[in-house]
DNA sequence: TTCCTTGCAAACGATTTGCATTGGA
DNA sequence: TCCAATGCAAATCGTTTGCAAGGAA
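Protein chains in written order, with our numbering: chain A, 3 to 147; chain B, 3 to 147.
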């Protein structure tokens, strides 16, 4: 999967005026492979230590600034990152209370747009300017059941 | 508001075999007053330092074990707590990207139950045993707009 | 007395930052 | 060349824990 996504990231980073170096490419690739958000240390491990933890953090900060990845805050003060919506598509999360794993899910089209309207409506009433939403379903995954 | 909720907490802690001391009462009261989840240090401040931070943490741990409060993970590795659903009622959150504040909102009855069905349906298909869900709407609050 | 609770300070773990070095355009 | 990027170590910051003192049953 060196394709479209890779190009888009390349372009976005160029626009942001930063380099798309080897280390950064590896982090993006690891995130692209993953089926859910990953933390800095998970990325560090996934890359077999080829990118030091501090560099992973800096890379994630750069990527977040450029709008390439988005943070996701989970238990025990861990922050996990995933490809931004415009790259990975809009989706929601199943969070396992047993093992802490996070899995992506998509809602059926109809329900998704209905939910969007609802969100806009309710939030507007509270004087809130909506920029996005995320549904988090908690429970036990197949393995932890 | 010394009423029902207070009684329920009292009972729950008694069942858990722990004391409902002054410090713990103050933490619960502060949470009850709040319109959204609060972190340990926010509680510490809100109580004008009358409860040391470490005690706030311990209190929150006890309350969580007893099922009186529930954690909510937010930006910058902060964990905020709020009264559990069975005490505060089911609701969702508006998260301000500007100031980080979290505000509670409720969905209209109809949409809420529809959302519940949807969640059960989609998650079940993924072999996931659902225990709850939470919708997080991100954007800018009135003050930060 | 006997536990549970509390406070302070030290310990921890995730994340950030200073600084000297490396590497790409 | 020149500035962004990197690696390491030290510094931060939220949170946890050890231990001795305080309190209620």
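All C-beta atoms, glycine included, are put in the ideal place defined by N, C-alpha and C.
> Does the Cβ-Cβ distance between residue 49 of chain B and residue 28 of chain B come in under 9 angstroms?
Replying inline: Counting from one through the second chain, the residue named residue 49 of chain B turns up at place 47. Counting from one through the second chain, the residue named residue 28 of chain B turns up at place 26. Contact flag set, yes.
> Would residue 141 of chain B be called buried (16 or more neighbouring beta carbons within 10 Å of its own) or exposed?
Replying inline: Stepping through the second chain from its first residue, residue 141 of chain B is reached at position 139. That one is buried.
>> Give me the chain A residues within the contact set of residue 143 of chain B, using Cβ-Cβ distance strictly less than 9 angstroms, ordered along the chain.
In response: For the purposes of this step, residue 143 of chain B is taken as residue 141 along the second chain, with counting starting at 1. Going along chain A in sequence order, the residues near residue 143 of chain B (Cβ under 9 angstroms) are 128, 129, 130, 131.
> Hey, residue 58 of chain B and residue 77 of chain B are a contact pair by Cβ (cut 8 angstroms); roughly how many whole angstroms apart?
Replying inline: Counting from 1 along the second chain, the entry for residue 58 of chain B is found at position 56. Counting from 1 along the second chain, the entry for residue 77 of chain B is found at position 75. No, residue 58 of chain B and residue 77 of chain B are not in contact; Cβ-Cβ is about 20 angstroms, not under 8 angstroms.
>> In whole angstroms, give me the CA-to-CA distance for residue 13 of chain B and residue 54 of chain A.
In response: Position 11 of the second chain holds residue 13 of chain B. Position 52 of the first chain holds residue 54 of chain A. Straight-line Cα distance between these residues: approximately 50 angstroms.
>> Can you pull the chain A neighbours of residue 79 of chain B, defined as C-beta to C-beta under 7 angstroms?
In response: Here the question's residue 79 of chain B lines up with position 77 in the second chain. What residue 79 of chain B touches in chain A: 79, 81.
> Quick one: what's got a C-beta closer than 7 angstroms to residue 69 of chain B's C-beta in the same chain, skipping five residues either side?
Replying inline: Working through the second chain from its first residue, we reach residue 69 of chain B at position 67. Closer than 7 angstroms at the Cβ level, and outside the excluded window around residue 69 of chain B, lie 14, 86.
> Fully enclosed by the stretch 83-127 of chain A, which beta strand (DSSP E) runs are 3 residues long or longer?
Replying inline: 94-98, 104-107
> Does residue 38 of chain B get closer than 9 angstroms to chain A when you measure Cβ to Cβ?
Replying inline: Counted from its first residue, the second chain places residue 38 of chain B at position 36. Chain A contact via Cβ: absent.
>> Checking the sheet assignment: what are the DSSP bridge partners for residue 131 of chain B?
In response: For the purposes of this step, residue 131 of chain B is identified with residue 129 of the second chain, where counting begins at 1. For residue 131 of chain B, which the question treats as bridged, DSSP gives the partners A:142.
>> On the DSSP letters alone, give me the boundaries of the beta strand (DSSP E) that residue 30 of chain B sits inside.
In response: As a first step, residue 30 of chain B must be located in the second chain, where it is residue number 28. Not the beta strand (DSSP E): residue 30 of chain B falls in the alpha helix (DSSP H), residues 24-35.
> What residues from the stretch 88-120 of chain A come within 9 angstroms of chain B, judged by C-beta to C-beta, listed N to C?
Replying inline: 94, 96, 98, 99, 105, 107, 108, 109, 110, 113, 116, 117, 120
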